[in-house]
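Structure first, commentary second.
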Amino acid sequence: SKNVTLYADYVLKEVMPLVESKYRVASGSENRAVAGLSMGGGQSLHIGFTNPELFSAVGAFSAAVPADFESRFAKALADPAATNAKLRTIWIACGRQDFLFERSEKLSTLLTSRGVQHTWRPTEGNHTYTYWRQYLGEFAPLLFRKQIKTSSRWRLRFQAVQIGHAGLHLFEVHLDVVIFYAGLSSG
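In this note's numbering, the protein residues as written are 607 to 793.
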């Protein structure tokens, strides 16, 4: 729909340039990820699959997966090698009691059938922040593995505070979409 495109343009043409001009974040797709929950999960899938040259990872938590995903992203599905090379982490999670579970499960089945590498994490639970916080805690440590230490100590601290490492920056775009950046070292 037109609103999906307008929102993606806002994120890509206004939010990202602002973040990149005001904060010490690393440039390049290998240092960016997009994730969202519910409608934001659908937006994140749209933004990531439409712009794989800008992001290395996409996270979709209880996502409102577009009904026309297969036709909308036919190019990405037709060339899984290129998609896998660009989007190195595609992480989808949803609770079995969530009204969007079937959409996420169908997306995982479609990606598997087309050879697009991804993680499908079905859990117990419904459409609430309790589970989305859990998903964020599982997804974030997978990002920027070369740039960020992933010791057990860091993981525990991250889960406790959501953003406990100076090398990972989260920018909440609007309630349910988050852009992740790898930070630059200060030396």
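Beta carbons: idealized from backbone N, C-alpha and C, even for Gly.
- If the five residues before and after residue 665 are omitted, its C-beta is found closer than 6 Å to the C-beta atoms of 641, 697, 745, all from its own chain and listed in chain order.
- Of the residues 714, 688, 674, the one whose Cα lies closest to the Cα of residue 657 is 688.
- For residue 627, the number of other beta carbons within 10 angstroms of its own is below 16, and it is reported as exposed.
- Out of 747, 668, 743, 741, the CA that lies nearest to the CA of residue 712 is found in 668.
- Straight-line measurement puts the Cα of residue 675 at about 12 Å from the Cα of residue 607.
- Comparing alpha-carbon positions, the option among 619, 634, 614 lying closest to residue 692 turns out to be 634.
- Of the candidates 694, 663, 671, 671 places its Cα closest to the Cα of residue 646.
- Shown here, residue 639 sits in a strand according to DSSP, grouped into three states.
- Taking a 10 Å sphere around the C-beta of residue 742, we find 16 or more other C-beta atoms and assign the residue as buried.
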